[in-house]
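Here's the structure, in structure tokens; my notes come after.
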Amino acid sequence: MKKHLKKPAFSLVEMILYIAIVSFVTVSILLFNIQILEANGGAKEDREVLENARFVMNKITDEIRHADSLDSGTGTFSSNPGAFKLNTNGTGSIVFDTATKNVTIGENDYPIRYLRINEDDTGFKQITSDRVNVTNFTVINLQRDTEPANIQFSLGFESINQEASINLQSSSTIRR
Numbered sequence: 111m112k113k114h115l116k117k118p119a120f121s122l123v124e125m126i127l128y129i130a131i132v133s134f135v136t137v138s139i140l141l142f143n144i145q146i147l148e149a150n151g152g153a154k155e156d157r158e159v160l161e162n163a164r165f166v167m168n169k170i171t172d173e174i175r176h177a178d179s180l181d182s183g184t185g186t187f188s189s190n191p192g193a194f195k196l197n198t199n200g201t202g203s204i205v206f207d208t209a210t211k212n213v214t215i216g217e218n219d220y221p222i223r224y225l226r227i228n229e230d231d232t233g234f235k236q237i238t239s240d241r242v243n244v245t246n247f248t249v250i251n252l253q254r255d256t257e258p259a260n261i262q263f264s265l266g267f268e269s270i271n272q273e274a275s276i277n278l279q280s281s282s283t284i285r286r
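For my numbering, add 110 to where a residue sits in the sequence shown, where the first one is 1.
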């Protein structure tokens with residue numbers, strides 16, 4: 111007599127259970143990766159805003175410290191957006207102000223305000239990136255009598271999608 115040996119095989123219930131487990135693990139890994147990518151996008155925007163803020167603060171502070179005087183008659187003080195002009199090297203000048211433009215990212219147009227500088231009347235150059243909107247640029251002249259000019263400035267930056275922002279305030283004195 112021959113014995114019939116049963117071959118091991120998956121039952122329908124086992125097959126459904128294995129497919130469910132593999133599907134659950136795959137979906138979990140996929141969702142985890144999506145969260146990581148979204149967090150990285152937010153971190154990138156934070157870095158962009160912080161880097162622009164750092165660069166602009168250092169640039170304005172450095173130019174004020176090395177200027178000869180503040181041309182208080184040509185600036186826009188105590189209002190947003192502000193502007194100011196520094197006299198340098200006898201006949202040179204540096205102007206800080208803002209302007210607006212539209213930038214296209216993907217298929218969307220975004221209106222932004224950006225900071226710009228004009229050194230020795232060579233034309234304005236943008237000093238903030240197109241991915242950052244300048245929300246505040248307020249300049250206050252704190253000079254008293256014959257003291258060297260002391261300039262206080264407030265800056266506000268935000269990413270285009272408004273997920274990252276920073277507001278800063280500082281002041282600097284002309285040292286010449």
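Here a beta-carbon is modelled for each residue, glycine too, at the ideal position from N, C-alpha and C.
Residue i to residue j span [Cα, whole Å]
i       : j       : result
Leu-225 : Phe-142 : 38 Å
Thr-238 : Val-166 : 7 Å
Leu-140 : Gly-202 : 58 Å
Thr-248 : Ser-189 : 6 Å
Val-159 : Ser-282 : 22 Å
Residue i: first and last residue of the uninterrupted beta strand (DSSP E) it sits in
i       : result
Pro-221 : 218 to 229
Thr-184 : 179 to 186
Gln-281 : Reading off the sequence, residue 281 comes out as Ser, not Gln. Its beta strand (DSSP E) spans residues 275 to 283.
DSSP-derived helix/strand/coil call for residue i
i       : result
Ser-239 : coil
Phe-59  : In the structure as shown, the chain starts at 111 and stops at 286, and residue 59 therefore has no counterpart that could be examined.
Ser-269 : strand
Ala-153 : helix
Asp-255 : coil
Thr-208 : strand
Local Cβ density within 10 Å of residue i, reported as buried at 16 or more and exposed below that
i       : result
Leu-287 : Outside the modelled stretch of the chain, which goes from 111 to 286, sits residue 287, for which no answer is possible.
Asn-127 : Note that residue 127 is Leu in the sequence shown here, rather than Asn. Exposed: under 16 other Cβ atoms inside 10 Å.
Gly-192 : buried
Phe-134 : exposed
Leu-122 : exposed
Validate contact between the region 171 to 181 and the region 189 to 205 using beta carbons, cut 8 Å, 3 pairs: yes
Inter-stretch contact at 8 Å, needing at least 3 Cβ pairs: the region 228 to 245 / the region 259 to 272: yes
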